[in-house]
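Residue numbers (the working numbering), protein chains in the order written: chain L, 3 to 185; chain F, 981 to 1288. Here a beta-carbon is modelled for each residue, glycine too, at the ideal position from N, C-alpha and C. The structure displayed is predicted, hence computed values, not measured ones. Since the structure comes first, as structure tokens, the remarks are kept for the end.
Below you can see the structure in the form of structure tokens.
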């Protein structure tokens, strides 16, 4: 979604502002992983999904007040940071339970999945110690799977800034992971 | 920047083993796409008007009312632009300086055409009105005119009512002075106490309110024959009118016969006038056939100014 993405978002935002439900669903599909990664930069994985949902609730409720549709990415990223900080203040630590669908899904056994998730949360805990700019950019890259260009497009950072955040963030992260015995 | 850093920025490049291991480790935290939940959307907005919107609507109504009423309330001025007046539920009084006053009755519409030194002209579009015009010399006869779809009412120093009826006819009743009603080639004179009816087929000869049934019927026949191509029929109706004339006030009909296009009908009409009210100028030739000469005499002697 690099390059022509902003034009498509702008159209989706305009339609969503007119109450088009499909456009809202499109924006949700496009930005959910971004919001989730930003939220992960502030709160634990256990509550990140709930906070992500809350972010979209508030974004859709206030979408009509967004004067410039092209500013939607910055708008939603800011909303994600604010919601995550708010959740952190409330010290919400509701543990996430796997749904019956997830438990019934194929792949690794529940025990193996629990171990994998525990390992992932340990890595996440180390990332969470990094400065905000580095950890957010790294989570967008490593968890959300966005390229540097996509991160720049959604956060409003320049390509150079994204590259610097990723490089310096990784440079800080490596010794911390080694120290913790993590990959 | 190293190749490792390039791969960090661009995931399409060959993966760095360290980076790949880190991505795998974080995979369980990756966002799991899920169907869009409509509960994320705000509830539909109620149709209640926002306060500012209501205020704007109120302001708009105010402007519309002002636009509608303020010009209507402003007095007419000489050389003023044409404008329209409508009385909706209450009578509307429209002064023309100190020269005249029009009272537009509810459900009526009047258009002001112009106010020039020699003429003030209106047009009654629907409904009815009452007009009071200052008598001469304050207002010259012919200055104040009201057009209707059926013809023009010309003031001659008077007070009168004018009504456009639903059946397409018009009626003017004079309560002071006199008016002339002009339609095409024909002009009738309506003195105080008399009324004129105008229909699609022409102007009726004015009659006083106490005219006999016989005279009224005879006049209608005459009026209808007036536009007929065959004058012989009109001759018959003239005879009927002459037979129905009895009172001095019936001379109003005879006076209109003096203006018949055919001399053969004017002559018996004038003779009937002489028999009824006497000669206007005793020392002159009796049959002058001059309607203006007769008019002054009849207004003074036969048609009392109080309309009785």
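Asked                                                                                                                                                                                           : Found
Count the other C-beta atoms from every protein chain shown that fall within 10 angstroms of the C-beta of residue 1136 of chain F, then say buried if there are 16 or more, exposed otherwise. : buried
Applying a beta-carbon distance threshold of less than 9 Å, which residues of chain L neighbour residue 991 of chain F?                                                                         : 143, 147, 148, 149 and 150
With a CB to CB cut of under 7 Å and the five nearest residues on each side skipped, what residues in its chain are close to residue 1228 of chain F?                                           : 1256, 1257 and 1282
In whole angstroms, what is the alpha-carbon distance linking residue 1201 of chain F and residue 1182 of chain F?                                                                              : 12 Å
Per the contact definition of three or more C-beta pairs closer than 8 Å, is the segment 1123 to 1136 of chain F in contact with the segment 1096 to 1105 of chain F?                           : yes
Find the nearest neighbour of residue 1221 of chain F within the set F:1009, F:1210 and F:1248, judged by alpha-carbon distance.                                                                : F:1248
Which whole-angstrom value is the C-beta distance of residue 54 of chain L and residue 34 of chain L, which I expect to be below 8 Å?                                                           : 6 Å
Using a 10 Å radius around the Cβ and a threshold of 16 neighbouring Cβ atoms, would you call residue 56 of chain L buried or exposed?                                                          : buried
Based on DSSP bridge pairs, tell me the residues matched to residue 1187 of chain F.                                                                                                            : F:1175
Measure how close the beta-carbons of residue 140 of chain L and residue 171 of chain L come, nearest whole angstrom, since I'm counting them as under 8 Å.                                     : 5 Å
When the cut-off is 9 Å and only beta carbons count, does residue 1020 of chain F lie next to chain L?                                                                                          : yes
Using only alpha-carbon positions, find the residue among F:1090, F:1058 and F:1062 that is nearest to residue 1073 of chain F.                                                                 : F:1090
Straight-line CA distance for residue 186 of chain L to residue 1038 of chain F?                                                                                                                : The requested residue 186 of chain L does not occur in the structure, where chain L is confined to residues 3 to 185.
Flag this pair as touching only if the segment 167 to 184 of chain L and the segment 126 to 141 of chain L have three or more C-beta atom pairs under 8 Å; answer yes or no.                    : yes
Got a sec: which bits of the segment 156 to 169 of chain L sit with their beta carbon under 9 Å from any beta carbon on chain F, in order along the chain?                                      : 161, 164, 165, 168 and 169
Flag residue 30 of chain L as yes if its beta-carbon sits less than 9 Å from any beta-carbon of chain F, otherwise no.                                                                          : yes
So which of F:1164, F:1143, F:1213 and F:1172 has the shortest CA-CA distance to residue 1157 of chain F?                                                                                       : F:1172
What is the DSSP secondary structure of residue 1104 of chain F, counted as helix, strand or coil?                                                                                              : strand
On the DSSP letters alone, give me the boundaries of the beta strand (DSSP E) that residue 126 of chain L sits inside.                                                                          : Not the beta strand (DSSP E): residue 126 of chain L falls in the alpha helix (DSSP H), residues 112 to 129.
Please name the residues in the segment 31 to 45 of chain L whose beta-carbon is closer than 8 Å to at least one beta-carbon of chain F, in chain order.                                        : 31, 34, 35, 38, 39 and 42
Apart from the five residues on each side of it in sequence, which residues of its chain come closer than 7 Å, Cβ to Cβ, to residue 102 of chain L?                                             : Residue confidence for residue 102 of chain L is low, a pLDDT of 49 falling below 50, so the modelled location carries little weight; the figure read from the coordinates is stated next. Contacts found: none.
What did DSSP end up calling residue 160 of chain L once you bin it into helix, strand or coil?                                                                                                 : coil
Between residue 1223 of chain F and residue 1195 of chain F, what straight-line distance do the alpha-carbon atoms span, to the nearest angstrom?                                               : 8 Å
Ignore the nearest five residues each way along the sequence and tell me which others in residue 72 of chain L's own chain have a CB closer than 7 Å to its CB.                                 : 8 and 12
Just the chain F side, please: which residues come within less than 7 Å of residue 62 of chain L by C-beta, in chain order?                                                                     : 1020, 1021 and 1022
Check the Cβ-Cβ distances between residue 183 of chain L and every residue of chain F, and say whether any is below 9 Å.                                                                        : no
Mark residue 1087 of chain F as exposed unless 16 or more other C-beta atoms lie within 10 angstroms of its C-beta, in which case mark it buried.                                               : exposed
9 Å is my cut-off, CB to CB: does residue 87 of chain L come that close to chain F?                                                                                                             : no
If we ignore side chains and look at the alpha-carbon of each, how far apart do residue 1056 of chain F and residue 1096 of chain F end up?                                                     : 12 Å
Taking 9 Å as the threshold (C-beta atoms), are residue 1233 of chain F and residue 1185 of chain F in contact?                                                                                 : yes
What does the Cβ neighbour count give for residue 1033 of chain F, buried or exposed, with the cut at 16 atoms within 10 Å?                                                                     : exposed
For residue 1008 of chain F, count neighbouring C-beta atoms within 10 Å of its own C-beta (all shown protein chains included) and say buried if the count is 16 or more, exposed if not.       : buried
For a cutoff of 9 Å on Cβ pairs, would you count residue 99 of chain L as touching chain F?                                                                                                     : Unreliable positioning characterises residue 99 of chain L in this predicted model, as indicated by a pLDDT of 49, which lies under 50. The coordinate reading is nonetheless provided below. It does not: the Cβ of residue 99 of chain L has no partner Cβ on chain F nearer than 9 Å.
On the DSSP letters alone, give me the boundaries of the alpha helix (DSSP H) that residue 21 of chain L sits inside.                                                                           : No alpha helix (DSSP H) holds residue 21 of chain L; DSSP gives it neither H nor E.
What's the gap between the Cα of residue 922 of chain F and the Cα of residue 1044 of chain F?                                                                                                  : Residue 922 of chain F lies beyond the residue range present for chain F, which begins at 981 and ends at 1288; the question has no answer from this structure.
Once DSSP output is grouped into helix, strand and coil, what is the label at residue 1145 of chain F?                                                                                          : coil
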